[in-house]
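Peer 1: Residues 510 to 935, numbered by this note's numbering, are exactly what the first sequence covers, in order.
C-beta atoms are modelled at their ideal positions from N, C-alpha and C, and glycine is treated no differently.
This structure is a prediction, so every number in the text was calculated from the model and none was measured.
Sharing a structure with you now.
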Amino acid sequence: MPQYQAVKGARDIFPEETARWKYVEGVVHALAALYGFSEIRTPVFEYTELFQRGIGATTDIVGKEMFTFLPDPGGKSLTLRPEMTAGVMRAALQKNLLGTAPVHKLYYISELFRKERPQAGRQRQFSQFGAELLGVSTPAAVAEVITFMMQVFETLGLRGLRLRINSLGGTHDRQRYREALQAYFSPYRDRLDAPSLERLEKNPLRILDSKNPDMQELVAGAPKLYDYLDADALADFEKVLFFLSERGIAFEIDHRLVRGLDYYCYTAFEVTGSELGAQDAVGGGGRYDGLARELGSSADVPAAGFAAGMERLLMTMEKQGLFTALTPHSPLVYVVLQQQEFSDHAMQVAFRLRKSGISTEIDLAGRSMKSQMREANRVRSSYALIIGENEVVTGQYTLKNLVTSEQTALSLETLLEILHEPALKE
RNA sequence: GUGAUUGUAGCUCAGUUGGUUAGAGCGCCAGGUUGUGGCCCUGGAGGUCGGGGGUUCGAGUCCCCUCAUUCACCCCA
């Protein structure tokens, strides 16, 4: 075992895998542009207080999953960001973005940190791509955010994803419902498991998505959030669903869907995949009108957004065989020299090729010609450019097609012309 | 944070009831004559058997601790 290992829950991504990341990131960037979202990058750490206020002090994220540290004695506590929304909202408020235009559409691909026990689809450092639409949270806005997310999944070729959606109502609706739930569950205290008992006080909504089978019966009889929504909330929800239907986006209404973060209100949604194991959420989001005020804004900032887990996305794509078409980049030409005495000459030829835009590889270790040829083959170079005594004397280099094994003698000028033919680069 | 699981070469794995210099396939490296890859052949490098302690004449094999992995719970992307 090596003396040093990557930190628990953090991993290295090597070139083969990097290609996949770049592919997925490329799709995200392209579709963001299509939908009019602009990229924002915020610091990886923030003052701890931001997350305590923004995400909610009673949530697990804030309660036990943050990497928090003191940069210097007496300084303010800092935390590695466990999610993006609070930081993006902070940035928007700090710059008074909404003062420059009423609506801002932002997206990101960023690393996040959560101190959880690693398992399938969950690590301590992970990436999400997501979008935040600030300034409006109309059904059209919420639908836009969901549509953007779903189109990314669709473009990547993902199959079998489930989009579940629910309305949490406004704060007043939720308050009434909360009380109703407490009233319902309180008589059954002895039948609730430990976690549910704790939620009864803190956040009774969360009892609803308990995975404990013993709770199912009890949960099934609980009052439905849907019955506590007022007319406006219902109309709002219906409109969101209408937009999704119009766009052919399949969804399931799930009245028990409750998102974990405190700032969500009205529409909340989640996308799950069947190939991920226990951590099956690929993406999720919702509307969070109250967050800005929570962070000290004097005015409400209507907003909606989503976040999707890059690792889980990649994992699902891998399982569904969506990366087969991705081939590693290989050089067009591998410069092979017969004897070391021609090394300087060969180096200069390689340089000329590269300078003119032809991807070229050449041995740097002084290995034998046989080794160089093997290497050329191994890296799947299309051509070997052989340089030996004859070539140096005559100025005619030997170009060998490594697929057909044909060889031709060419001057450097002709070589550059031929290698620039688009057909050869395929 | 809780529970379970696994830990032998770069990778996938063998290693008999504890018994001499720990193996295979793939990969890697080098050769297979005088300037040429893929296939094939030959050879080679590479492991403190996760780490530490213990039992034993003797431990990769047994016991304890520890670290890491994986999976699940909690929660979330």
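Which same chain residues end up closer than 8 Å to alanine 742 when comparing Cβ atoms and leaving out the 5 residues on each side of it in sequence?
Peer 2: Translated into the one-based positions of the first sequence, residue 742 becomes position 233. So the qualifying residues of the chain are Ser676, Gly678, Gly679, Asp682, Tyr775.
Peer 1: Measuring straight from C-alpha to C-alpha, what distance separates leucine 665 and tryptophan 530?
Peer 2: Within the first sequence, numbered from 1, the residue matching residue 665 stands at position 156. Within the first sequence, numbered from 1, the residue matching residue 530 stands at position 21. Approximately 12 Å, taken between the alpha carbons.
Peer 1: By the DSSP assignment, the alpha helix (DSSP H) with arginine 685 in it spans what residues?
Peer 2: Here residue 685 refers to the residue found at position 176 when the first sequence is read from its first residue. Counting along the chain, the alpha helix (DSSP H) containing arginine 685 begins and ends at 680-694.
Peer 1: Counting only runs of 4+ residues fully inside the region 584-641, write out the alpha helix (DSSP H) ranges in chain order.
Peer 2: DSSP runs (the alpha helix (DSSP H)) wholly in the region 584-641: 594-603.
Peer 1: Ordered along the chain, which non-local residues of its own chain (more than five positions away) have a Cβ less than 8 Å from that of leucine 785?
Peer 2: One-based indexing of the first sequence puts residue 785 at position 276. Once the five neighbours on either side are set aside, the close Cβ partners of leucine 785 are Ala629, Gly630, Val791, Arg821, Met824, Thr825.
Peer 1: In the DSSP assignment, the alpha helix (DSSP H) including serine 920 goes from what residue to what residue?
Peer 2: As a position in the first sequence, residue 920 is number 411, starting the count at 1. Taken as a continuous stretch (DSSP letters only), serine 920 belongs to no alpha helix (DSSP H), being part of the beta strand (DSSP E) at 916-920.
Peer 1: Over the uninterrupted beta strand (DSSP E) stretch that includes leucine 846, give me the two end residues.
Peer 2: Mapped onto the first sequence, residue 846 falls at position 337. Leucine 846 -> beta strand (DSSP E) spans 842-846.
Peer 1: Short of 6 Å in beta carbon distance, which residues of its chain neighbour serine 783, apart from the five on each side in sequence? Order them along the chain.
Peer 2: Translated into the one-based positions of the first sequence, residue 783 becomes position 274. Here the set comprises Gly669.
Peer 1: Which whole runs of the alpha helix (DSSP H) in the region 887-912 are 4 residues long or more, in chain order?
Peer 2: Those alpha helix (DSSP H) runs which fall completely within the region 887-912 and span 4+ residues are 898-903.
Peer 1: Which residue from Lys573, Val597, Glu526, Val728 puts its Cα closest to that of tyrosine 797?
Peer 2: Here residue 797 refers to the residue found at position 288 when the first sequence is read from its first residue. Tyrosine 797 has its Cα closest to that of Val597, out of Lys573, Val597, Glu526, Val728.
Peer 1: Distance check for proline 840 and alanine 813, CA to CA, integer angstroms please.
Peer 2: Counting from 1 along the first sequence, the entry for residue 813 is found at position 304. Counting from 1 along the first sequence, the entry for residue 840 is found at position 331. Each residue's alpha carbon lies about 45 Å from the other.
Peer 1: Threshold first: 3 residues or longer. Then list the beta strand (DSSP E) segments lying entirely within the region 782-865, N to C.
Peer 2: Correct list: 790-796, 812-818, 842-846.
Peer 1: Does the Cβ of glycine 795 have 16 or more other Cβ atoms within 10 Å, making it buried, or fewer, making it exposed?
Peer 2: Taking the first sequence and counting its residues from 1, the one referred to as residue 795 is at position 286. By the 10 Å Cβ count, glycine 795 comes out buried.
Peer 1: Rounded to whole angstroms, what's the CA-CA distance from isoleucine 716 to aspartate 771? Just pull it up for me.
Peer 2: Position 207 of the first sequence holds residue 716. Position 262 of the first sequence holds residue 771. Approximately 15 Å, taken between the alpha carbons.
Peer 1: Using beta-carbon positions only, say whether leucine 714 and glutamine 691 come within less than 8 Å of one another.
Peer 2: On the first sequence, position 205 is the one that residue 714 refers to. On the first sequence, position 182 is the one that residue 691 refers to. No, the pair does not count as a contact, with Cβ atoms beyond the cut-off.
Peer 1: Taking the alpha helix (DSSP H) that leucine 873 belongs to, which residues open and close that run?
Peer 2: Position 364 of the first sequence holds residue 873. Careful: leucine 873 lies outside any alpha helix (DSSP H) and carries neither H nor E.
Peer 1: I'd like the span of the alpha helix (DSSP H) that includes leucine 750, first residue to last.
Peer 2: Mapped onto the first sequence, residue 750 falls at position 241. Start and end: 740-755.
Peer 1: Can you confirm whether the region 847-864 touches the region 895-907 when touching is taken to mean that 3 or more C-beta pairs between the two stretches lie within less than 8 Å?
Peer 2: Segments in contact, yes.
Peer 1: What is the residue span of the beta strand (DSSP E) that glutamate 525 lies within?
Peer 2: Reading the first sequence from its first residue, position 16 is the one you call residue 525. It is not in any beta strand (DSSP E) - glutamate 525 instead sits in the alpha helix (DSSP H) that spans 524-544.
Peer 1: What's the gap between the Cα of alanine 610 and the Cα of leucine 908?
Peer 2: Counted from its first residue, the first sequence places residue 610 at position 101. Counted from its first residue, the first sequence places residue 908 at position 399. Their backbone Cα atoms lie some 59 Å apart in a straight line.
Peer 1: With H, G and I counted as helix, E and B as strand and the rest as coil, what does DSSP make of alanine 777?
Peer 2: Looking up residue 777 in the first sequence gives position 268. Here alanine 777 sits in strand by DSSP.
Peer 1: Roughly how many angstroms lie between the CA atoms of glutamate 935 and valine 516, to the nearest whole one?
Peer 2: Within the first sequence, residue 935 is the residue found at index 426, counting from 1. Within the first sequence, residue 516 is the residue found at index 7, counting from 1. Low per-residue confidence applies at glutamate 935: pLDDT is 46, beneath 50, and the placement is therefore not dependable, though the value from the model is reported in the following sentence. Going from the Cα of glutamate 935 to the Cα of valine 516 covers about 41 Å.
Peer 1: Within the continuous beta strand (DSSP E) that includes phenylalanine 760, where are the two ends?
Peer 2: Taking the first residue of the first sequence as 1, we reach residue 760 at position 251. It is not in any beta strand (DSSP E) - phenylalanine 760 carries neither H nor E in the DSSP assignment.
Peer 1: Exposed or buried, glutamate 870, counting other C-beta atoms within 10 Å across all chains shown (16 or more means buried)?
Peer 2: For the purposes of this step, residue 870 is taken as residue 361 along the first sequence, with counting starting at 1. Glutamate 870 comes out buried.
Peer 1: Taking only three categories from DSSP, how would you classify glutamate 548?
Peer 2: Along the first sequence, one-based indexing puts residue 548 at 39. The answer is strand: DSSP assigns glutamate 548 an E or B state.
Peer 1: Please state whether DSSP places glutamate 953 in a helix, a strand or coil.
Peer 2: Past the boundaries of the shown model lies residue 953; the chain is included only from 510 to 935, so the question cannot be answered.
Peer 1: Just curious, the beta strand (DSSP E) that isoleucine 655 is in, first and last residue?
Peer 2: As a first step, residue 655 must be located in the first sequence, where it is residue number 146. First-last for isoleucine 655: 648-665, but that is the alpha helix (DSSP H), not the beta strand (DSSP E).
Peer 1: Tell me which residues share the same chain as glycine 545 and place their Cβ nearer than 7 Å to its Cβ, disregarding the 5 neighbours each side in the sequence.
Peer 2: In the first sequence, residue 545 corresponds to position 36, counting from 1. Once the five neighbours on either side are set aside, the close Cβ partners of glycine 545 are Lys614.
Peer 1: Taking all protein chains shown into account, do 16 or more other C-beta atoms lie within 10 angstroms of the C-beta of proline 524, making it buried, or fewer, making it exposed?
Peer 2: Translated into positions along the first sequence, residue 524 becomes position 15. It counts as exposed.
Peer 1: Quick one: what does DSSP say phenylalanine 560 is sitting in, helix, strand or coil?
Peer 2: Here residue 560 is taken as the residue at index 51 of the first sequence, counted from 1. Helix at phenylalanine 560.
Peer 1: I need the straight-line Cα distance from phenylalanine 752 to alanine 541, nearest angstrom please.
Peer 2: Along the first sequence, read from residue 1 onward, the residue named residue 752 stands at position 243. Along the first sequence, read from residue 1 onward, the residue named residue 541 stands at position 32. About 19 Å.
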